[in-house]
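Have a look at the structure below, then the notes.
Numbering (the numbering used here), first residue to last: 1 to 299.
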């Protein structure tokens, strides 16, 4: 190959690299320009959102915010899931344009007939409706009602169509540092441990050498303790609700108390907190099913 051909190939390669870099910069610049999508959502105060309606041809769900708590079907909803969905509709940079024609919108399922319709309302009586369609490796198609354009939004969360998928499954969320006393009731063999001013754990009313580290480790289990599902009437028939296997009462600084009643079933367990019943796996229940010996320091 002569020198002229080598120079031509090098020039072609150089031009290709320059064009590729230029295209990437162009896309980045374009995303920073407020397109129609960004201009529309900027008029809606998402921080004041207090209602979300999700619809398809066969499903309609409504999430409502009451006293700073999200609810669905009379149950508390998972706040993190709800806030993640709201945030997804409000990207900081302009999303890329995917479709403009009716055919393209239908192909991306970003219409009322083909996609999921999500309507947000806020305390200012503003309303904004989106059509959420198909997703690919990087983007989910989203269109704003009456705009006839679909945009690609990255990292869009799943829009659940079953109320139970939105339920808050938090059984307890008690930071260990807040716990000052644990009362354990099992087969009438009750005991309690209490934390002193030096953050050391001791048996209450008993002259026993306490394994403070073991109690401290146990206290961590009450933080981010989540269920598999909420139990309703049909599930409750599988358990003897008059006979808990054991009861744990966690007392916090400031006076808050959480009472957890554990009921054993054939395949799983229930945990009752106030008037709610949560289903947990047998392996999770075993972490709480202890004896007094666990907290006694070995000689």
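Backbone N, C-alpha and C fix where the C-beta goes; we use that ideal spot for every residue, glycine too.
Coarse secondary structure for residue i, derived from DSSP in three states
i	result
residue 155	coil
residue 268	strand
residue 59	coil
residue 110	coil
residue 165	helix
residue 262	strand
residue 53	strand
residue 209	coil
residue 37	helix
residue 185	strand
residue 172	strand
Close Cβ partners of residue i (< 8 Å) along its chain, the five nearest in sequence each way excluded
i	result
residue 226	169, 170, 171
residue 46	86, 87, 89, 90, 120, 122
Alpha carbon of residue i to alpha carbon of residue j, nearest angstrom
i	j	result
residue 175	residue 259	15 Å
residue 126	residue 210	59 Å
residue 54	residue 167	15 Å
residue 154	residue 107	18 Å
residue 199	residue 192	15 Å
residue 128	residue 111	15 Å
residue 301	residue 86	Within the shown structure, residues of the chain are numbered from 1 to 299, placing residue 301 beyond reach of any answer.
residue 252	residue 272	19 Å
residue 246	residue 262	6 Å
residue 231	residue 138	37 Å
Where residue i falls, given that 16 or more other Cβ within 10 Å makes a residue buried
i	result
residue 237	exposed
residue 52	buried
residue 234	exposed
residue 19	exposed
Residues near residue i in its chain [Cβ-Cβ closer than 6 Å; skip 5 each side]
i	result
residue 219	176, 179
residue 140	153, 156
residue 38	94
Neighbourhood of residue i by C-beta, 7 Å cutoff - its chain only, sequence neighbours within 5 removed
i	result
residue 297	209, 210, 211
Residue from the options with nearest C-alpha to residue i
i	options	result
residue 50	60, 136, 244, 69	69
residue 131	92, 189, 76, 56	56
residue 184	66, 36, 206, 291	291
residue 81	293, 163, 182, 288	163
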